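Asks:
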Amino acid sequence: MTMKPLAALCLAFSLWLAPHAATAATATSASPPAKNEAAPVTDAEAARLAARVKAETRHAWRGYWRYARGHDDLKPLSNAGRDWYAQSLLMTPVDALDTLLLMGLDKEAAQARELIVSRLSFDRDLDVQNFEITIRLLGGLLSGYQLSGDARLLELAEDLGRRLLPVFDSPTGLPYTHVNLRTGKTSGKVSNPAETGTLLLEFGMLGKLTGKPEFYDKAKRALVETYERRARDTGLVGAAIDVETGQWTDTDAHIGGGIDSYYEYLYKCWRLFGDADCKRMWEGSIGGVNRYLADEVRQGELWYGHADMRDGRRTRTRYGALDAFMPALLALGGDLERARRLQDSGLKMWRLHGIEPESLDYAKMEVLSPGYALRPEIVESAYYLHHYTGDARYRAMGREFFEDFVRHTRTRSGFAALSDVRSKEKKDSMESFVFAETFKYFYLLFSPKGALDFDAVTFNTEAHPLRPAPGAGNK
Ligand code: DMJ
Numbered sequence: 138m139t140m141k142p143l144a145a146l147c148l149a150f151s152l153w154l155a156p157h158a159a160t161a162a163t164a165t166s167a168s169p170p171a172k173n174e175a176a177p178v179t180d181a182e183a184a185r186l187a188a189r190v191k192a193e194t195r196h197a198w199r200g201y202w203r204y205a206r207g208h209d210d211l212k213p214l215s216n217a218g219r220d221w222y223a224q225s226l227l228m229t230p231v232d233a234l235d236t237l238l239l240m241g242l243d244k245e246a247a248q249a250r251e252l253i254v255s256r257l258s259f260d261r262d263l264d265v266q267n268f269e270i271t272i273r274l275l276g277g278l279l280s281g282y283q284l285s286g287d288a289r290l291l292e293l294a295e296d297l298g299r300r301l302l303p304v305f306d307s308p309t310g311l312p313y314t315h316v317n318l319r320t321g322k323t324s325g326k327v328s329n330p331a332e333t334g335t336l337l338l339e340f341g342m343l344g345k346l347t348g349k350p351e352f353y354d355k356a357k358r359a360l361v362e363t364y365e366r367r368a369r370d371t372g373l374v375g376a377a378i379d380v381e382t383g384q385w386t387d388t389d390a391h392i393g394g395g396i397d398s399y400y401e402y403l404y405k406c407w408r409l410f411g412d413a414d415c416k417r418m419w420e421g422s423i424g425g426v427n428r429y430l431a432d433e434v435r436q437g438e439l440w441y442g443h444a445d446m447r448d449g450r451r452t453r454t455r456y457g458a459l460d461a462f463m464p465a466l467l468a469l470g471g472d473l474e475r476a477r478r479l480q481d482s483g484l485k486m487w488r489l490h491g492i493e494p495e496s497l498d499y500a501k502m503e504v505l506s507p508g509y510a511l512r513p514e515i516v517e518s519a520y521y522l523h524h525y526t527g528d529a530r531y532r533a534m535g536r537e538f539f540e541d542f543v544r545h546t547r548t549r550s551g552f553a554a555l556s557d558v559r560s561k562e563k564k565d566s567m568e569s570f571v572f573a574e575t576f577k578y579f580y581l582l583f584s585p586k587g588a589l590d591f592d593a594v595t596f597n598t599e600a601h602p603l604r605p606a607p608g609a610g611n612k
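Heads up: the sequence shown is residues 138 to 612, going by my numbering.
#1: Quick check: the Cα distance between Asp-448 and Arg-366, rounded to an integer number of angstroms?
#2: Compare the Cα-Cα distances from His-490 to each of Arg-451, Asn-216 and Glu-537 and report the closest residue.
#3: Is the shortest distance between the beta-carbon of Cys-415 and the beta-carbons of chain C less than 9 Å?
#4: Is the number of C-beta pairs between the segment 577 to 588 and the segment 543 to 557 that are closer than 8 Å three or more?
#5: May I ask whether a heavy atom of ligand 1 can be found less than 8 Å away from the beta carbon of Gly-394?
#6: Does the count of Cβ pairs from the segment 281 to 288 and the segment 310 to 328 closer than 8 Å reach three?
#7: Do you know how far the Cα of Leu-409 is from the Cα of Gly-608?
#8: Is Glu-514 near Leu-459, with beta carbons less than 9 Å apart?
#9: Is it true that the segment 574 to 581 meets the segment 179 to 198, where meeting means three or more beta-carbon pairs spaced less than 8 Å apart?
#10: Please determine whether the Cβ atom of Thr-81 lies at a distance below 8 Å from any heavy atom of ligand 1.
#11: On the premise that Leu-279 lies in contact with Leu-343, defined as a C-beta separation below 8 Å, what is that separation, rounded to the nearest angstrom?
#12: Quick check on DSSP: helix, strand or coil for Met-567?
#13: Can you check the segment 460 to 541 for any alpha helix (DSSP H) of at least 4 residues that lies completely inside it and give the ranges in chain order?
#14: With Ile-378 and Leu-311 assumed to form a contact (beta carbons below 8 Å), what rounded beta-carbon distance in angstroms separates them?
#15: From Leu-252 to Asp-565, what distance separates their C-alpha atoms?
#16: So, with DSSP's three-state summary, where would you put Asn-427?
#17: By Cβ distance below 7 Å, which residues in the same chain neighbour Gly-334 in space, the five residues on each side in sequence not counted?
#18: Just the Cα atoms here: how many angstroms apart are Ala-230 and Trp-221?
#19: When the Cα of Ser-556 is compared with those of Pro-605, Tyr-499 and Glu-493, which residue comes out closest?
#20: Is it the case that the CB of Leu-459 approaches a heavy atom of ligand 1 more closely than 8 Å?
#21: Pick from Arg-547, Ala-573 and Pro-213: whose alpha carbon is nearest that of Ala-249?
#22: Does DSSP put His-443 in a helix, a strand or coil?
#23: Tell me the rounded alpha-carbon separation between Ala-444 and Arg-195.
#24: Any chance the CB of Pro-464 is under 8 Å from a heavy atom of ligand 1?
#25: Between Glu-493 and ligand 3, is the CB less than 8 Å from at least one heavy atom?
#26: Do the CB positions of Arg-477 and Leu-430 come within less than 9 Å of each other?
#27: Lys-416: which of Tyr-456, Lys-212 and Lys-357 sits nearest, CA to CA?
#28: Just to confirm, is the Cβ distance from Glu-638 to Leu-497 under 9 Å?
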């Protein structure tokens, strides 16, 4: 393995944690307070909220450790472990590690790291979903490595990356959805842009850190091949694509699950790697998204709905918890006006039942999918907007999200998804992204800027912060 000298990595931690003048928020014209806007969060209250987030993260970790140690997830109602496949791949410890490190939960971080390095093996006869394994495990191992300097995490990441590589061996270069970790046998030829286009941050970073460009090049080709199949008239991509023929099998265009992070990575691979092709693809896409998917209802409420990718014809007025990442991406891309307006709509979605549903019809304000999977996206957007605008209302929003989150989902051992936001009935599920994302974004929203240097990192779609590999150079 070609590795950069450890010293050159600087163990990243001290660099990331240094307060950074360049990140000082730029105040822009604040939007008018909503009628029932809560009192602003003072710095002292923000510090107390950050401490509470840390305490709740510790609570969830202790539940996992006591009842589900060694399994992928905790079942927070029955207090038992759950695995995605026949054997555990330690989803929760890997997803949680960087959050525990960032929060200074040293004992818990040491527990997670020890479990990973002593127990995690990818030499398993398991057909795994490339996308989920990449964003959670590959992303988590890489950020864990960059934060801790523990070379064993990079070794695990390289072993995993190598076992995932066969997914790209399709006639088009678009990845199959599944691969057997031991045999390399691939399956799943109908995929979607999120699964074909949300790989470059992780594989690219692995390529930079190991000095093996094959990782970067294959994931980049998958992203480019997805982009090249956008509709010429609208620039939009659809909901399902056959990776062997390259033909769309579903032309429904939107920014929700199955497409969402494709757009995110077009921008972020430019941000992280300085890859000019990514910038070009982002610029060739965001205009169509704003033109055909953005929608206005009532008095100028901004939402993003569904349209047919071929002609941009509106098909559905549907928005949900996953779509709520979009204000963060708009803010990152410099469009604070749309970002603010869309986040205000997200707040309306949240307030409809005191916690957001998986999806709703925003024209009728009716719930379409009533569950709440403890998703982070709306918190992520509050964090980005607070970072870029310095507007205190985003911390007030975050406080409201956090209080509701704890009130409705906390259990004796952790936090439980809701099967219905109207009744608040709980479900025996606590996905690992609660650690990787939901708690991390709450914590960063309430923490002083020095907690993490936003400008020095790019979050993968699972909120694993990645920073440019020293000396790797840009494409
Ligand atoms: C996460 O696994 C990632 O954020 C992904 O991009 C979408 N969904 C979940 C969290 O909601």
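Glycine is no exception: its CB is placed at the ideal position from the N, C-alpha and C atoms. A quick note: this is a predicted structure, and the numbers were derived from the prediction, not measured.
Replies: Concretely, from the data shown:
#1: Here the question's residue 448 lines up with position 311 in the sequence shown. Here the question's residue 366 lines up with position 229 in the sequence shown. In a straight line, the C-alpha of Asp-448 is about 14 Å away from that of Arg-366.
#2: Within the sequence shown, numbered from 1, the residue matching residue 490 stands at position 353. Nearest option by C-alpha distance: Glu-537.
#3: No chain C is part of this structure, which consists of one protein chain only.
#4: Taking a contact to require three or more Cβ pairs closer than 8 Å, the segment 577 to 588 and the segment 543 to 557 do not qualify as touching.
#5: As a first step, residue 394 must be located in the sequence shown, where it is residue number 257. True, at least one ligand heavy atom lies under 8 Å from that Cβ.
#6: Output reads no: the segment 310 to 328 does not touch the segment 281 to 288.
#7: Indexing the sequence shown from 1 puts residue 608 at position 471. Indexing the sequence shown from 1 puts residue 409 at position 272. C-alpha separation (whole angstroms): 13 Å.
#8: Taking the sequence shown and counting its residues from 1, the one referred to as residue 514 is at position 377. Taking the sequence shown and counting its residues from 1, the one referred to as residue 459 is at position 322. Yes, these two residues count as a Cβ contact at 9 Å.
#9: Taking one beta carbon from each stretch, the segment 574 to 581 and the segment 179 to 198 have 3 or more pairs nearer than 8 Å; the two touch.
#10: Residue 81 lies beyond the range of the chain shown here (138 to 612); nothing can be said about it.
#11: Looking up residue 343 in the sequence shown gives position 206. Looking up residue 279 in the sequence shown gives position 142. Correct: roughly 7 Å between the Cβ atoms.
#12: In the sequence shown, residue 567 corresponds to position 430, counting from 1. In the displayed model, Met-567 falls within a strand according to three-state DSSP.
#13: When DSSP assignments are scanned along the segment 460 to 541, the uninterrupted stretches of alpha helix (DSSP H) that are 4 or more residues long and fall wholly within it turn out to be 463 to 469, 473 to 490 and 514 to 526.
#14: If you number the sequence shown from 1, residue 378 lands on position 241. If you number the sequence shown from 1, residue 311 lands on position 174. Between Leu-311 and Ile-378 the Cβ distance is about 7 Å, and since that is below 8 Å, they are a contact.
#15: Here residue 252 corresponds to residue number 115 of the sequence shown, with the count starting at 1. Here residue 565 corresponds to residue number 428 of the sequence shown, with the count starting at 1. In this model, Leu-252 and Asp-565 are separated by some 24 Å (Cα to Cα).
#16: In the sequence shown, the residue the question calls residue 427 occupies position 290. If DSSP states are grouped into helix, strand and coil, Asn-427 belongs with the helices.
#17: What you label residue 334 is simply residue 197 of the sequence shown in a count that begins at 1. Same-chain partners within the cutoff: Ala-359, Leu-360, Thr-363, Tyr-399 and Tyr-402.
#18: Within the sequence shown, numbered from 1, the residue matching residue 230 stands at position 93. Within the sequence shown, numbered from 1, the residue matching residue 221 stands at position 84. Checking the sequence, you will find Pro at residue 230 rather than Ala. Cα to Cα, Pro-230 sits roughly 14 Å from Trp-221.
#19: Residue 556 sits at position 419 when you count from the first residue of the sequence shown. The option with the nearest alpha carbon to Ser-556 is Glu-493.
#20: Taking the first residue of the sequence shown as 1, we reach residue 459 at position 322. Correct: Leu-459 has its Cβ closer than 8 Å to ligand 1.
#21: To locate residue 249, count along the sequence shown from 1; it is residue 112. Among Arg-547, Ala-573 and Pro-213, the Cα nearest to that of Ala-249 is on Ala-573.
#22: Numbered from its first residue, the sequence shown carries residue 443 at position 306. His-443: strand per DSSP, three-state reduction.
#23: As a position in the sequence shown, residue 444 is number 307, starting the count at 1. As a position in the sequence shown, residue 195 is number 58, starting the count at 1. Looking at the two C-alpha atoms, the distance is approximately 42 Å.
#24: What you label residue 464 is simply residue 327 of the sequence shown in a count that begins at 1. The answer is no for Pro-464.
#25: This structure lacks ligand 3; the ligands present are ligand 1.
#26: Indexing the sequence shown from 1 puts residue 477 at position 340. Indexing the sequence shown from 1 puts residue 430 at position 293. For Arg-477 and Leu-430, no; Cβs fall outside 9 Å.
#27: Within the sequence shown, numbered from 1, the residue matching residue 416 stands at position 279. Lys-416 has its Cα closest to that of Lys-357, out of Tyr-456, Lys-212 and Lys-357.
#28: Because residue 638 is not part of the residues shown, which for the chain are 138 to 612, the question remains open.
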